[in-house]
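Below you'll find the structure, written out as structure tokens, and then a few comments.
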Amino acid sequence: METLQIATDARGVARVTMNRPEVFNAFNEAMIADLDAAFEQLGQDPAARVIVLDGAGKAFSAGADIQWMRRASEATQEWNVEDARRFAAMLDRIARCPKPTIARVHGVALGGGVGLTLACDIAVAASGAQFAVSEARFGILPAVIGPYVVNAVGPREARRLALTASRITAAEALRIGLLHEVAEADGLEAAVERWIAELLMNGPRAQAEIKTLLAQLEVGPVTGQVRELTAQTIARVRMGAEAKEGFAAFLAKRPAAWVPKAE
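Under the numbering used here, the residue at position 230 of the sequence shown is numbered 231, and the numbers go up by one with no gaps.
Listed below in structure tokens is the structure:
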């Protein structure tokens, strides 16, 4: 793809690397289309087990390409609506990908770069990384990424981040829930590999089912409808071939078939 580098190793770990380092991996219409297509294809690829999203060069992603935003400001209402819908659909594609996803963040994640971080299931960053929900500095707002920010940090922190547009450190991002782990720069890859190893121990169909089920659940009362959904889901899944293999492997004290073999 024009704006991405994609490689999948023998374990089924796919690396999707945003490859516009000259603009700190700021994304435009082309990168949005490429990311959408990449996560669609990898989500359907039985050989892909885990997807890692990262950025080439000095940054993860500086957010929206300023030239793209300038074109948008001069375009019609209809063009802007369709353009924003494509961006929203791309983030949703990442969030709903049936494969576990990891954001590997270094340098900066600004504006939409924060959105990309939060659309992934797990976010790991170098200690020197910086984050900002920066849209207000350009006279716009974090509309499309807003739900992901609220879901990660809650409404009050989301308002603070969006209203000030201030940069925060990786340590603060970890504290408020934007990240799951912070590592020193020279230990970032090792940290990501630890998460990959944990993910590869688990059934891939089970992981897809987890993502589908949890996307349907909200914080609040456990209603009869919710109880029925969860009961129907576990009844169906535990009758499947993957569950049978998992139980058999546990009883036989051997690795399940999906666990990568040690080299």
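Beta carbons are placed, not taken as given, at the ideal position from N, Cα and C, and that holds for glycine.
Buried is the label assigned to P101, since at least 16 other Cβ atoms lie within 10 Å of its Cβ.
Exposure of A90 is indicated by the presence of fewer than 16 other C-beta atoms within 10 angstroms of its C-beta.
Beyond the five residues adjoining it in sequence on each side, A244 comes within less than 7 Å, by CB distance, of V238 in the same chain, given in chain order. A171 is a Cβ neighbour of V183, given a cutoff of 8 Å. Here the alpha carbons of L215 and S62 stand approximately 27 Å from one another. Closest by C-alpha distance to Y149, out of E173, L180, G129, is L180. When C-alpha distances from T165 are compared across L175, L142, D187, L117, the shortest belongs to L142. Inter-residue distance for P22 and A250 is about 45 Å (C-alpha atoms, whole angstroms). Q208 is positioned such that its CB atom lies no closer than 8 Å to that of R168. DSSP places A120 in the uninterrupted alpha helix (DSSP H) bounded by 113-120. The beta-carbon separation of A120 and I95, rounded to 4 Å, stays under the 8 Å limit for a contact. DSSP, read as helix, strand or coil, puts L142 in coil. With a cutoff of 8 Å on beta-carbon distance, P99 and G44 are scored as near each other. Restricting attention to G114, G247, A34, G112, the CA atom closest to the CA of E83 is found in A34. Taking the Cβ atoms as the reference, A133 lies roughly 16 Å from A104, outside the contact range of under 8 Å. Within the model, the alpha-carbon separation for E136 versus Q68 is close to 14 Å. For L180, no alpha helix (DSSP H) segment is defined, and its DSSP state is neither H nor E. Its Cα nearest to that of A174, the residue A127 stands out among A127, G204, M202. An exposed status is given to V220, since fewer than 16 other beta-carbon atoms sit within 10 Å of its beta-carbon.
Of the other Cβ atoms in all chains shown, fewer than 16 fall within 10 Å of the Cβ of F248; this residue is therefore exposed. Judged by DSSP in its simplified three-state form, G13 adopts coil rather than helix or strand. The beta carbon of D37 sits closer than 8 Å to those of R87, A90, M91, R94, all from its chain and outside the five residues before and after it, given in chain order. Between A110 and D187, the alpha-carbon positions lie close to 19 Å from each other.
The closest CA to that of G112, considering only E158, L162, R71, is found on L162. Spatial neighbours of D122 in its own chain (CB-CB distance under 8 Å, excluding positions within 5 residues in sequence) are listed in chain order as P101, T102, I103, K212. The alpha carbon of A242 has as its nearest neighbour, out of R157, E158, W259, the alpha carbon of W259.
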